[in-house]
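Numbering (the numbering used here), first residue to last: 1058 to 1359. Built from N, CA and C at the ideal position, the CB exists for glycine as well. All values reported here derive from a predicted model rather than from experimental measurement. Accompanying notes for the structure given below.
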């Protein structure tokens, strides 16, 4: 006598899978960038602790978490190839729950952003729009190895930096603050390109034209390195021009350490890209905070 077992599909998401869906490991860059922006404003953080903390939470767990849920929903077919154990393709976040989470968090983002005033709300609108433009049809900018990483870099670094500075300063940040925020966002294009190495096979099969797919791993890695290096050289020059030579030297030393890590990574881009994303990126974001303190000390902010 045979026994047949049928596995019923899950109706509700696994809580642990929901947490993985919004990827806490990705929250750090925008949270850090918001804090850098707040520091660069020159306004003491202790003068507006609520705005500082709320902005950090908004930038990381809420907006970034929303963007990860939206990306996982829109990428569920790609993830079925690259990472079948991810929450949606594995069935631990069943049905349309991934979409519902992304939409609910989009609304939550706008509501919390409104608490930060006009600048915070406008920046949140831009962040939510960028998240969906990156992942969802018909735009789905992640299909481009140039536009996709560029949009993510600006959204993860430039936008939260600008927002933190604007909210603390209660107005448009100084030109030097805006310039540094843009430069670090442009440099993050390289970080995002290296992050695409992990999805190389799935991107190739599903028509996502990431730089590792279109240029090959070796050339894409070199492009990523130059994308990171050149904006940081511009930051060093700008900080030096603001008469903050020691801050400029500190950023230059951090860049030199990144160059050493890049040499290691370029010997085996596919194998070493994850290592560099843990090593070189730490040096990159450390330079961001040094630059933020340099800007704050110049009194450039209004």
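Query: Residue range of the unbroken alpha helix (DSSP H) whose run includes residue 1261; Result: 1257-1263
Query: Under the three-state DSSP convention, the category residue 1340 falls into; Result: helix
Query: Expected contact under 8 angstroms - CB spacing of residue 1046 and residue 1192 to nearest Å; Result: Absent from the structure is residue 1046, since the part of the chain shown begins at 1058 and ends at 1359.
Query: Supposed close pair residue 1129, residue 1143 - CB separation, criterion 8 angstroms; Result: 7 angstroms
Query: Span separating the alpha-carbon of residue 1226 from that of residue 1072; Result: 39 angstroms
Query: According to DSSP, residues forming a beta bridge with residue 1201; Result: 1266
Query: C-beta atoms of residue 1341 and residue 1217 nearer than 7 angstroms; Result: no
Query: Residue 1238 and residue 1301 closer than 7 angstroms at C-beta; Result: no
Query: Three CB pairs or more closer than 8 angstroms across the stretch 1251-1259 and the stretch 1159-1173; Result: no
Query: For residue 1132, the three-state DSSP class (helix, strand or coil); Result: coil
Query: Per-residue DSSP class, three states only, for residue 1145; Result: coil
Query: Neighbourhood of residue 1155 by C-beta, 8 angstroms cutoff - its chain only, sequence neighbours within 5 removed; Result: 1078, 1126, 1129, 1130, 1133, 1144 and 1145
Query: For residue 1069, the three-state DSSP class (helix, strand or coil); Result: coil
Query: The stretch 1179-1194 / the stretch 1108-1128 touching (three or more Cβ pairs under 8 angstroms); Result: yes
Query: CB-CB length for residue 1120 against residue 1181, believed under 8 angstroms; Result: 7 angstroms
Query: Anticipated Cβ contact below 8 angstroms, residue 1012 with residue 1278, distance rounded; Result: This structure leaves residue 1012 out entirely; the chain is present only between 1058 and 1359.
Query: Counted within 10 angstroms of its Cβ, other Cβ atoms place residue 1333 as buried (16 or more) or exposed; Result: buried
Query: Minimum C-alpha distance to residue 1043 - residue among 1224, 1234 and 1138; Result: Any property of residue 1043 remains undetermined from this structure, which presents the chain solely from 1058 to 1359.
Query: Residue 1196 versus 1241, 1139 and 1265, residue with shortest Cα-Cα distance; Result: 1265
Query: Helix, strand or coil at residue 1138 [DSSP, three-state]; Result: helix
Query: Segments of 4+ residues assigned as alpha helix (DSSP H) that fall wholly inside the stretch 1178-1248; Result: 1204-1210 and 1216-1226
Query: Distance, residue 1276 Cα to residue 1329 Cα; Result: 14 angstroms
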